[in-house]
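Novice: Chains as they are written, first to last, in the numbering used here: chain A, 1 to 206; chain B, 207 to 538.
#1: According to the neighbour-count rule (16 or more other Cβ atoms, all chains shown, within 10 Å of its Cβ), is residue 285 of chain B buried or exposed?
#2: Mind checking if residue 298 of chain B is an interface residue toward chain A, Cβ cutoff 8 Å exclusive?
#3: In chain order, what residues of the segment 76-89 of chain A put their CB closer than 7 Å to some CB of chain B?
#4: Buried or exposed: where does residue 275 of chain B fall if 16 or more other Cβ atoms within 10 Å of its Cβ makes it buried?
#5: Using a Cβ-Cβ cut-off of less than 8 Å, list which residues of the segment 503-521 of chain B approach chain A; keep chain order.
#6: Quick one: grab the DSSP three-state call for residue 525 of chain B.
#7: Residues in its own chain within less than 8 Å of residue 90 of chain A by CB, not counting five upstream and five downstream?
#8: Quick check: the Cα distance between residue 218 of chain B and residue 398 of chain B, rounded to an integer number of angstroms?
#9: Could you please give the first and the last residue of the uninterrupted beta strand (DSSP E) stretch that includes residue 252 of chain B?
#10: Between residue 118 of chain A and chain B, is the shortest Cβ-Cβ distance under 8 Å, so that the two count as touching?
#11: If you compare alpha carbons, which of B:301, B:348 and B:509 is closest to residue 371 of chain B?
#12: Does the CB of residue 476 of chain B have a neighbour CB from chain A at under 8 Å?
#13: Taking all protein chains shown into account, decide if residue 189 of chain A is buried (16 or more other Cβ within 10 angstroms of its Cβ) or exposed.
#14: Within the same chain, show all residues whose beta-carbon is closer than 8 Å to that of residue 527 of chain B, passing over the 5 residues directly before and after it, in chain order.
#15: Rounding to the nearest angstrom, what Cα-Cα distance links residue 65 of chain A and residue 99 of chain A in this structure?
#16: Under 8 Å between C-beta atoms, does residue 220 of chain B make it to chain A?
#17: Note down, in chain order, every chain A residue with its Cβ under 8 Å from the Cβ of residue 423 of chain B.
#18: Could you give the first and the last residue of the continuous beta strand (DSSP E) run that contains residue 211 of chain A?
#19: Which of the three DSSP states, helix, strand or coil, is assigned to residue 538 of chain B?
#20: Do you know offhand how far residue 144 of chain A's Cα is from residue 28 of chain A's?
#21: Would you say residue 115 of chain A reaches chain B, if we count a Cβ-Cβ gap shorter than 8 Å as a contact?
#22: Using the beta-carbon of each residue, which ones in chain A are nearer than 9 Å to residue 205 of chain B?
#23: Using a threshold of 8 Å, state whether the C-beta atoms of residue 268 of chain B and residue 324 of chain B are closer than that.
#24: Please list the terminal residues of the continuous alpha helix (DSSP H) segment that includes residue 367 of chain B.
#25: Between the Cα of residue 403 of chain B and the Cα atoms of B:354, B:318, B:363 and B:483, which residue gives the shortest distance?
#26: Anything in chain B within Cβ reach of residue 112 of chain A, meaning under 7 Å, just list it in chain order.
#27: Closer than 7 Å, Cβ to any Cβ of chain A: which residues of the segment 291-320 of chain B, in chain order?
#28: Would you please verify whether the beta carbon of residue 149 of chain A is less than 8 Å from any beta carbon of chain B?
#29: When the distance is taken between beta carbons, is residue 82 of chain A closer than 8 Å to residue 311 of chain B?
#30: So, under 8 Å CB-CB, residue 250 of chain B and residue 270 of chain B are touching, yes? Tell me the CB distance rounded to an integer number of Å.
#31: Please list the residues of the segment 56-74 of chain A that have a C-beta atom closer than 8 Å to any C-beta atom in chain B, keeping them in chain order.
#32: Assuming residue 209 of chain B and residue 287 of chain B are in contact, meaning their beta carbons sit under 8 Å apart, how far apart are those beta carbons, in whole angstroms?
#33: Please confirm whether residue 526 of chain B has its beta-carbon closer than 8 Å to some beta-carbon of chain A.
#34: Ordered along the chain, which non-local residues of its own chain (more than five positions away) have a Cβ less than 8 Å from that of residue 131 of chain A?
#35: Could you tell me if residue 252 of chain A is buried or exposed, where buried requires 16 or more neighbouring beta carbons within 10 angstroms of its beta carbon?
#36: What does residue 534 of chain B reach in chain A if we use C-beta pairs closer than 9 Å?
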């Protein structure tokens, strides 16, 4: 916003135009904020469900693991990962939600454990593979929520700044320029009237 | 030193084992420090002074077990009995070999592998150091192939489960060979135990083969020939039916064991198997007071005590509920 203010009609019109633009931007940002809020609400619902599921799964795995650890000892359990040669791979691409870039997991490749590990640990390994998959999906959702929240915070700051600072300031400025212009117009009118009076007096005197 | 002396010493050694009630009390403890305090009054006490973690505690139990095996071997008369015991203890070497192979596959550092191994130096003959220092799994398997484990090379590096089965098969083959040299009077009771162990091992292999779709030729080469146990053709014939339920139908004697394995609770099957062995030995013990069976019973009691103490320490570490801890104990 320009700091030099000239009390002219042109300036007033320009400010009015700017105010209109700012108001429409404010409306758009408000709409974006509401939409982000809706997205966030949906995501939070999903997160709640997913987290509950993952926590249950991991709790179950932990219990089963504890049993196997106790039954077979540390050395046996520590050497079991040798049966899994391949590593899990995740492909992530960016995705845009209302202009917010969030990570999207395009492909998850968790190596199959079937037929590769000792029989006593096969069921646990399969459960762990499923839990890992859900954990990755959960982290994707958490990242999305984090990015949306960050953008929502910024949008909220902008909406508030426009609503509480920028728009009122513009309105004040417009009112001030309008007042000055009105004042000048009145002054001009008075001056014209006075000149007219003087001129008519002169004519009458002659 | 003769066999009678060894048996009498085993009667004496038996009194030093931790009583079942004491083991039950240990299982009720809530903290590892309380466990250590209680064990400080036993023969484990001096070794447990400097332990820092549950891993160290496990290590101490293993060291004590190996020391006791060594003490037993020192008083065993040379000959068939000595060879049998020495071969029986090889299962711990086999276990070490399996762990080395797995860690080599994981490309683990040498120190990490050394840290894992059971201290079998006193009771075994295998020199693990060259195996640990092998560049990779291929070199390790070549080194093993030069010894009595020629067959491991045949299966390559692809399937570790097959290599492990071959190692176990080699162990049982040697054990049966040594068993056949023991005098008949002492042999029959022990043979029952070994036969049962091999049968269960074969059953486990069949379930694994069924689940992982191994071909018949592979299964045949992995099954352990058990002269007094279930014949191999019976396993193969049941396997051809491609149904786990058929195993339960054809081997009803091992129903409980098979059900536990099929339900994915193999540990329960193992615990149940050890309980059965102990019960059998307990029954036979009453009939014969001076018998080699007593030595075998002492060895199995030592293994059970090691397993129980390890289970208790790890249960406390994982804060398992008391009923779960009791389920994992092997007690009369």
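Ideal placement from N, C-alpha and C gives every residue a C-beta, glycine not left out.
Specialist: From the atom records:
#1: Taking the second chain and counting its residues from 1, the one referred to as residue 285 of chain B is at position 79. Under this definition residue 285 of chain B is an exposed residue.
#2: Mapped onto the second chain, residue 298 of chain B falls at position 92. Taking Cβ atoms only, chain A never reaches closer than 8 Å to residue 298 of chain B, which makes this a no.
#3: 78, 79, 81, 82 and 83
#4: Numbered from 1 along the second chain, position 69 holds the residue referred to as residue 275 of chain B. Result: buried.
#5: 516, 517, 520 and 521
#6: Residue 525 of chain B sits at position 319 when you count from the first residue of the second chain. It is coil, neither helix nor strand.
#7: Translated into positions along the first chain, residue 90 of chain A becomes position 90. Cβ neighbours of residue 90 of chain A beyond the five flanking positions: 105, 107, 108, 109 and 136.
#8: As a first step, residue 218 of chain B must be located in the second chain, where it is residue number 12. As a first step, residue 398 of chain B must be located in the second chain, where it is residue number 192. Cα to Cα, residue 218 of chain B sits roughly 25 Å from residue 398 of chain B.
#9: Along the second chain, one-based indexing puts residue 252 of chain B at 46. Here residue 252 of chain B belongs to no beta strand (DSSP E); instead the alpha helix (DSSP H) covers 251-254.
#10: On the first chain, residue 118 of chain A is found 118 positions in, with the first residue counted as 1. Answer yes: the Cβ-Cβ gap between residue 118 of chain A and chain B drops below 8 Å somewhere.
#11: Counting from 1 along the second chain, the entry for residue 371 of chain B is found at position 165. Closest by alpha carbon: B:301.
#12: Numbered from its first residue, the second chain carries residue 476 of chain B at position 270. Closer than 8 Å to some Cβ of chain A, the Cβ of residue 476 of chain B qualifies, so yes.
#13: Counted from its first residue, the first chain places residue 189 of chain A at position 189. When all chains shown are included, residue 189 of chain A counts as exposed.
#14: Counting from one through the second chain, the residue named residue 527 of chain B turns up at place 321. Hits under 8 Å: none found.
#15: Mapped onto the first chain, residue 65 of chain A falls at position 65. Mapped onto the first chain, residue 99 of chain A falls at position 99. Rounded to the nearest angstrom, the two C-alpha atoms are 44 Å apart.
#16: One-based indexing of the second chain puts residue 220 of chain B at position 14. No, its Cβ sits nowhere closer than 8 Å to a Cβ of chain A.
#17: Translated into positions along the second chain, residue 423 of chain B becomes position 217. Under the 8 Å cutoff, chain A gives no residues; its nearest Cβ is about 17 Å from residue 423 of chain B.
#18: Because chain A spans 1 through 206 in this model, residue 211 of chain A falls outside it and cannot be assessed.
#19: Against the second chain, residue 538 of chain B aligns to sequence position 332. If DSSP states are grouped into helix, strand and coil, residue 538 of chain B belongs with coil.
#20: To locate residue 144 of chain A, count along the first chain from 1; it is residue 144. To locate residue 28 of chain A, count along the first chain from 1; it is residue 28. Straight-line Cα distance between these residues: approximately 22 Å.
#21: If you number the first chain from 1, residue 115 of chain A lands on position 115. For residue 115 of chain A, the answer is yes, since a Cβ of chain B falls inside 8 Å of its Cβ.
#22: Outside the displayed range of chain B (207 to 538) lies residue 205 of chain B, so it cannot be described from this structure.
#23: Taking the first residue of the second chain as 1, we reach residue 268 of chain B at position 62. Taking the first residue of the second chain as 1, we reach residue 324 of chain B at position 118. The answer is yes: Cβ separation under 8 Å.
#24: Taking the second chain and counting its residues from 1, one reaches residue 367 of chain B at position 161. Segment 366-385, the alpha helix (DSSP H) holding residue 367 of chain B.
#25: If you number the second chain from 1, residue 403 of chain B lands on position 197. The residue with the shortest Cα to Cα distance from residue 403 of chain B is B:483.
#26: Start at 1 with the first residue of the first chain, and residue 112 of chain A comes out as number 112. What residue 112 of chain A touches in chain B: nothing, since even the nearest Cβ is about 12 Å away.
#27: 305, 308, 309, 311 and 312
#28: As a first step, residue 149 of chain A is located in the first chain; it is residue number 149 there, counting from the start. No, because no Cβ of chain B sits closer than 8 Å to the Cβ of residue 149 of chain A.
#29: In the second chain, the residue the question calls residue 311 of chain B occupies position 105. In the first chain, the residue the question calls residue 82 of chain A occupies position 82. Contact flag set, yes.
#30: As a working mapping, residue 250 of chain B is identified with position 44 in the second chain. As a working mapping, residue 270 of chain B is identified with position 64 in the second chain. With a Cβ gap of about 6 Å, residue 250 of chain B and residue 270 of chain B count as contacting.
#31: 66, 67, 68, 69, 70, 71, 72, 73 and 74
#32: The residue you call residue 209 of chain B lines up with position 3 of the second chain. The residue you call residue 287 of chain B lines up with position 81 of the second chain. The Cβ separation is near 6 Å, so the contact holds.
#33: Locating residue 526 of chain B in the second chain gives position 320, counting from the first residue. It does; some Cβ of chain A falls within 8 Å.
#34: Sequence index remark: in the first chain, residue 131 of chain A carries index 131 (1-based). The answer, listed in chain order, is 54, 57, 58 and 61.
#35: Residue 252 of chain A lies beyond the residue range present for chain A, which begins at 1 and ends at 206; the question has no answer from this structure.
#36: The sequence position of residue 534 of chain B within the second chain is 328, counting from 1. Within 9 Å Cβ-Cβ: 67, 70 and 71.
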